[in-house]
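In this note's numbering, the protein residues as written are 20 to 361. Okay, structure first, notes after.
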Ligand code: NDP
Ligand code: PYC
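Shown next as structure tokens:
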């Protein structure tokens, strides 16, 4: 329930000011504030303002270079490389996205590899950046070992998010973005904060037994969505966005960090597609055919992924972002104490 509301701009100004006061450079603070306010504004509480403290802990622990400047490099291939310089992933993505789009338009498909970044964010803001440029895109990254493979009992995979987007003229893009665990770890942490039990089937306790206790789940292992299918997709992400790009897998990220209370550091893979280029010489307009598919889905009474988010975005843009008194008090506390609040 909302005790106060803030406009997107007001919340952005607070979060940005907070990160600047916490030693982040202006460009890094702005990129972080954009993604956090986007999360809160789209009612994605697991990746909204709640993430500020994890970022803060990473900065305070010296795990992030606060004034990192992303470095872009390209060769003749379709791969755009962005080294985040041990900064947060967000400024690196923002720097590389226009270069990725340009390469994609030239070749029909291009990939962006982000290396050496701390990553805490939802992936849909990145996907929407690319769909806004008329491109289809997918993004994925490891996390840190917290999910048991299907049939196993020990944390090994990360919650490894996977997101996809398809551009739509005159409509919100088709976007899905999910953890490959049953739920994001952030959801479990929010249940712990609220003192509420987890739904069944999310996690196992350290002894391998099913649990609905958030503390036991955080100490034990989360479960992949869809059993062996989610487990396989999660493994693919470890391979493509960890091993293949020469960056850390989730178990390696956990070992390197030595903690699950800081935002994890690893890499990310983003692939962009130019739909018109793929359909060259083939009958039918891919954009029109996609619309037929979306209409058929909606025609059955189903909803498209991200519809809830887009509705929330429209509401928070019109009426403000709702925060509870406890959330606002926590923001005020963070503002007053800066890095000491971590
Ligand atoms: P959810 O399970 O809440 O949602 C996953 C997707 O399914 C969303 O696109 C959602 O759209 C859509 N969806 C939900 N219900 C329906 C429905 N009934 N019909 C159609 N579509 C539906 O997300 P998760 O908890 O798995 O992940 C939350 C966020 O956590 C993601 O943004 C992800 O990127 C982030 N994350 C980040 C990690 C990182 O390491 N950086 C690690 C893990 C997760 P809608 O939003 O509109 O409901
Ligand atoms: O919610 O699972 C999660 C998560 C891990 C890292 C960032 N988000």
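Cβ atoms here follow ideal geometry from the backbone N, Cα and C, with glycine treated the same way. The structure presented is a predicted model; accordingly, all values stated were derived computationally and were not measured.
| Item | Value |
| --- | --- |
| Tell me the rounded alpha-carbon separation between residue 291 and residue 360. | 39 Å |
| For residue 90, which three-state DSSP category applies? | strand |
| Closer than 6 Å to a non-hydrogen atom of the ligand NDP - does that hold for the CB of residue 328? | yes |
| What residue range is occupied by the uninterrupted alpha helix (DSSP H) comprising residue 194? | Here residue 194 belongs to no alpha helix (DSSP H); instead the beta strand (DSSP E) covers 193-197. |
| With C-beta atoms as the reference, is residue 106 less than 7 Å away from residue 179? | no |
| Check whether the Cβ atoms of residue 35 and residue 49 sit closer than 7 Å, and answer yes or no. | yes |
| Name, in chain order, the residues that DSSP records as bridge partners for residue 73. | Per DSSP, none; premise fails for residue 73. |
| Anyone know if the C-beta pair for residue 156 and residue 126 falls short of 7 Å? | no |
| Since residue 123 is in the alpha helix (DSSP H), which residue starts that stretch and which ends it? | 108-126 |
| Candidates 44, 329, 205 and 214: which alpha carbon is nearest residue 279's? | 205 |
| Decide if the region 75-92 is in contact with the region 263-272; the criterion is three or more beta carbon pairs, one per stretch, under 8 Å apart. | no |
| Have a look at residue 115 and residue 100 and give me their C-alpha separation to the nearest angstrom. | 8 Å |
| Return yes when the Cβ of residue 228 is within less than 7 Å of the Cβ of residue 176, no when it is not. | no |
| Starting from the N-terminal end, write out each residue whose C-beta falls within a distance shorter than 6 Å of any non-hydrogen atom of the ligand PYC. | 65, 139, 162, 178, 198, 203, 204, 205 and 283 |
| Pick from 349, 326 and 61: whose alpha carbon is nearest that of residue 141? | 61 |
| Using a Cβ-Cβ cut-off of 7 Å (strictly less than) and excluding sequence neighbours within five positions of residue 244, which residues of its own chain qualify? | 199, 200 and 201 |
| When DSSP builds the beta bridges, which residues end up paired with residue 329? | In the DSSP output, where bridge partners are listed per residue, residue 329 has none listed. |
| Assuming residue 240 and residue 173 form a contact by the criterion Cβ under 8 Å, report the distance between their Cβ atoms to the nearest whole angstrom. | 6 Å |
| For the alpha helix (DSSP H) containing residue 288, name the first residue and the last one. | That residue, residue 288, is in no alpha helix (DSSP H); its beta strand (DSSP E) goes 284-292. |
| Between residue 24 and residue 341, is the Cβ-Cβ spacing less than 7 Å? | yes |
| Using the DSSP secondary-structure output, state which residues sit across from residue 221 in a beta bridge. | Per DSSP, none; premise fails for residue 221. |
| Which residue spans inside the region 163-197 form an unbroken alpha helix (DSSP H) run of at least 4? | none |
| Across the region 231-238 and the region 257-271, are there enough close Cβ pairs to call them in contact, namely three or more that are closer than 8 Å? | no |
| Quick one: using the 10 Å Cβ neighbour count with 16 as the cut-off for buried, is residue 113 buried or exposed? | buried |
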